[in-house]
Amino acid sequence: MNKIILASALALSVALVACGGGGGGDEGDGAPGQAAVSNGSAPSSGGASGSGTNGGKSGSGSATSATNNPPNNSSSGNNGSAGGKAGSGSTTPSGNAGDGGSASGGQSSGGTDSSGSSGSSGSGTSVGDTSGSGAPGGGSSDGGAPDGGATADIGNTVAVSVSSASSVRNVPLVSVTVCQPGSSGQKNCATIDNVLLDTGSFGLRLYASAIPPATLAALPIQRDAASGTNVAACGMFGSGYTWGSLRSADVKLSREIAASAPIQVIGDPAIVSSAPSSCVYNDSLNTTGSLGGVNGILGVGVARNDCGAACASSAQAGYYYADAAPATPIAMPLANQVTNPVALFPIDNNGLIVDMPAIDATGALTSSGTVIFGVGTQSNNALPGAGTTILATDRWGNFSGSVAGGAAVPAFIDSGSNTLGFEDWALPQYQGFYAPVSAIQRALALSDTTGAAATASIGIGNARALLATRYTAFSTLGSFLGQTLDLGMPFFYGQRVWYGIEGTRAGANVTGPYVSFAAR
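Quick note, the sequence shown lines up with residues -20 to -1, 1 to 500 if you use mature numbering (1 follows the signal peptide of the UniProt record, and there is no 0).
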């Protein structure tokens, strides 16, 4: 099952939504003292049920062991620091690429002209023959100490933001461009904003309602040769399931292109069958409102595919189906499975880094960071430095962790979960969130099967007080999660977090899958 645990609240409403990879509480009844639900089905010790309200939709689930072993599991031009003009991009009615203005003119401390940072491409929805992203403006330098400007964008980064664009708190959002496959990202393109960045699941899943009709029509749907029907895809998450088609698209993230990547289109009208019982898990996530208004899920965890070798060798329930009456499980070759787009990039394909700034312990109105593609492939994505522990994981991103000297449990670092989820019966709760009278610290001990070990510390604030604010970003928001340590979005603030994709190498001795983290 994929990892996404969105224990979200805007104003005083509280929702526990698990989606993608690690898992978490689903929507529930909002009664105090309830716990989040993670992927998996075994009840946690104490059997606390997951709950919380989300847009009036109710449901419930048992708090579970969240071993992430699934049945399947945004950017803008920066101003030059000394007057450089931000690059801007705008889509034209015909869908041609907008122009990015170059950033220049920053003055160095020695009086020598130096460039401002190049403007990143402007985003927008385009249904013409080219992408609706403006070309980055090129910064230049006349020499001298570049105190007044930044180096040019090398095209392997995208902006990630946490804001009120989602009705769920602590949700990292990016923009993704999809184009006609095989067009080098140039034909029938559309940029989809507000896509959830999920390092706990694998592959791109977009809502059909978020894709312009002309672009959707240009994304071919896969067919099952045996039955002659379309292929339907199921995505199972801790809080529910997605049901839709299996299509192909060129996926663009900054200047990186994953050519002809298999993606899921959720709620695709081309699929006529209903989700079979083997796909149904908790609530349906087939509308954008199910996940706080996001337009899709970008799964960029450590696995290449959402299923892997098992689905390639035989039909597996919960993944791929012939769109028949009823839908029937089918096998799917690795090359056709929903695929982590990073693994398909030509060069920066061995992993990624999520880099988020520190925020105040009481929260922030918004937060903006960067996703950097590749590890050790460019000047901006170096391997973790000396003294930083690299933790080997299983293909789902799991290692081992304990909280405050407790028992070791499955652990993972997951941007798709919006709280710090762990089991602590001594802490007061507020609708499934932890609510200590005053902020506390908890020590973490993390390890892997190779003997590598690391320590960390997390802070837990009073959720009742935090969620009473209008802030959308929180570094101390915690929730109950049985027999699991889910280091969700709060863990990312003030950190750089590395993910190494399975079967890839970074440097001479580092092989994926792995995770690592270090303070910025």
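Glycine residues also receive a C-beta, built at the ideal position from the N, C-alpha and C atoms.
task = Tell me where the beta strand (DSSP E) around residue 152 begins and ends.
result = Note, residue 152: beta strand (DSSP E), 152 to 159.
task = Check residue 430 in the structure and name its three-state DSSP category.
result = Under the three-state reduction of DSSP, residue 430 is assigned to coil, being neither helix nor strand.
inquiry  = Tell me which residues share the same chain as residue 248 and place their Cβ nearer than 6 angstroms to its Cβ, disregarding the 5 neighbours each side in the sequence.
reply    = Answer for residue 248: 188, 224 and 225, listed in chain order.
Separation of residue 472 from residue 348, as counted between CA atoms = For residue 348 and residue 472, the distance between alpha carbons rounds to 11 angstroms.
message = Can you find the residues in the same chain that come closer than 6 angstroms, C-beta to C-beta, to residue 36, ignoring five residues on each side of it along the sequence?
response = With a pLDDT of only 34 at residue 36, under 50, the local geometry of the prediction cannot be trusted, and the value read off the model is given with reservation. Excluding sequence neighbours, residue 36 sits near nothing in its chain.
request  = Report the three-state DSSP secondary structure of residue 322 (helix, strand or coil).
outcome  = Note: residue 322 maps to helix in three-state DSSP.
Helix, strand or coil at residue 264 [DSSP, three-state] = Residue 264: strand per DSSP, three-state reduction.
message = So, at 7 angstroms on beta carbons, what are the nonlocal neighbours of residue 480 in its own chain, with the 5 sequence-adjacent residues on each side left out?
response = Within the same chain, residue 480 has close Cβ partners 282, 330, 331, 355, 486, 490, 492, 493 and 494.
task = Output the distance between the C-alpha atoms of residue 499 and residue 305, rounded to the nearest integer angstrom.
result = Answer to the nearest angstrom: the Cα atoms are 53 angstroms apart.
ask   = Based on Cα-Cα distance, which residue from 265, 460 and 183 lies nearest to residue 240?
value = If we check each option's Cα against that of residue 240, 183 comes out closest.
message = Output needed for residue 250: all residues of its chain with C-beta closer than 7 angstroms, excluding positions within five of it in sequence on either side, in chain order.
response = Short of 7 angstroms from the beta carbon of residue 250, and not among the five residues preceding or following it, lie these beta carbons of its own chain, in chain order: 201, 210 and 225.
request  = Measure the alpha-carbon distance for residue 149 versus residue 178 and round it to whole angstroms.
outcome  = C-alpha of residue 149 to C-alpha of residue 178: approximately 15 angstroms in a straight line.
key: alpha helix (DSSP H) runs wholly inside the region 267 to 341, at least 4 long, in chain order   = Unbroken alpha helix (DSSP H) stretches of 4 residues or longer found wholly inside the region 267 to 341: 289 to 293, given in chain order.
task = Could you please give the first and the last residue of the uninterrupted beta strand (DSSP E) stretch that includes residue 242?
result = The continuous beta strand (DSSP E) containing residue 242 extends over residues 236 to 246.
key: Contacting residues, own chain, Cβ-Cβ under 6 angstroms from residue 270 (five flanking each side not counted)   = Around residue 270: no qualifying Cβ.
ask   = Roughly how many whole angstroms lie between the Cα atoms of residue 175 and residue 459?
value = One C-alpha to the other measures close to 24 angstroms.
message = Taking only three categories from DSSP, how would you classify residue 450?
response = Note: residue 450 maps to coil in three-state DSSP.
key: Within 8 angstroms, strictly: CB atoms of residue 393 and residue 497   = Yes, they are a contact pair.
request  = Find the nearest neighbour of residue 419 within the set 437, 268 and 461, judged by alpha-carbon distance.
outcome  = For residue 419, the closest of 437, 268 and 461 by C-alpha to C-alpha distance is 437.
key: Which residues DSSP lists as bridging residue 478, in chain order   = Bridge partners of residue 478 according to DSSP: 333 and 496.
Cβ shell of residue 328 (< 8 angstroms), same chain only, five flanking positions each side left out = Once the five neighbours on either side are set aside, the close Cβ partners of residue 328 are 136, 236, 322, 353, 354, 357, 358 and 361.
inquiry  = What would DSSP say about residue 375, mapped onto helix, strand or coil?
reply    = Three-state DSSP puts residue 375 in coil, outside helix and strand.
request  = Along the alpha helix (DSSP H) that carries residue 508, what are the first and last residues, could you check?
outcome  = As shown, the chain starts at -20 and ends at 500. That puts residue 508 outside it, with no answer to give.
query = Nearest to residue 469 by alpha carbon, out of 300, 450, 336 and 421?
reply = Residue 469 has its Cα closest to that of 336, out of 300, 450, 336 and 421.
key: Contacting residues, own chain, Cβ-Cβ under 6 angstroms from residue 484 (five flanking each side not counted)   = The residues are 330 and 492.
inquiry  = So, for residue 501: in the same chain, excluding its five sequence neighbours on each side, which residues have a beta-carbon less than 8 angstroms away from its beta-carbon?
reply    = The structure shown has nothing for residue 501, since the chain only spans -20 to 500.
Spatial neighbours of residue 26 in its chain, beta-carbon cut-off 6 angstroms, leaving aside the 5 residues before and after = Its pLDDT being 33, under 50, residue 26 is placed unreliably by the model, and the measurement read from it follows with that caveat. Cβ neighbours of residue 26 beyond the five flanking positions: none.
key: Close Cβ partners of residue 449 (< 8 angstroms) along its chain, the five nearest in sequence each way excluded   = Annotation for residue 449: 342 and 343 place their beta carbon closer than 8 angstroms to its own, counting only its chain and skipping 5 residues before and after.
task = Would you mind listing the beta strand (DSSP E) stretches within the region 179 to 205 that are 3+ residues and don't spill past its ends, in chain order?
result = Inside the region 179 to 205, DSSP marks whole beta strand (DSSP E) runs of 3 or more residues at positions 182 to 187, from first to last along the chain.
task = Whole angstroms is fine: what's the gap from residue 379's alpha carbon to residue 478's?
result = Approximately 14 angstroms between the Cα atoms of the pair.
ask   = DSSP state of residue 249, grouped into three classes?
value = In the three-state reduction of the DSSP assignment, residue 249 falls in the coil class, being assigned neither a helical nor a strand state.
ask   = Taking buried to mean at least 16 other C-beta atoms within 10 Å of its own C-beta, is residue 90 buried or exposed?
value = Confidence at residue 90 is low in this model, with a pLDDT of 37, below 50, so its placement is unreliable and the value that follows should be read with caution. Residue environment: residue 90 is assigned as exposed (fewer than 16 neighbouring CB atoms within 10 Å of its CB, all protein chains considered).
message = In the DSSP assignment, the beta strand (DSSP E) including residue 472 goes from what residue to what residue?
response = Premise fails: residue 472 is in no beta strand (DSSP E) and is neither H nor E.
ask   = Taking all protein chains shown into account, do 16 or more other C-beta atoms lie within 10 angstroms of the C-beta of residue 421, making it buried, or fewer, making it exposed?
value = The residue in question, residue 421, is exposed, as its Cβ has fewer than 16 Cβ neighbours within 10 Å.
key: Residue burial classification, residue 205 (beta-carbon count within 10 angstroms, cutoff 16)   = Classification of residue 205: exposed, given that the 10 Å Cβ count is below 16.
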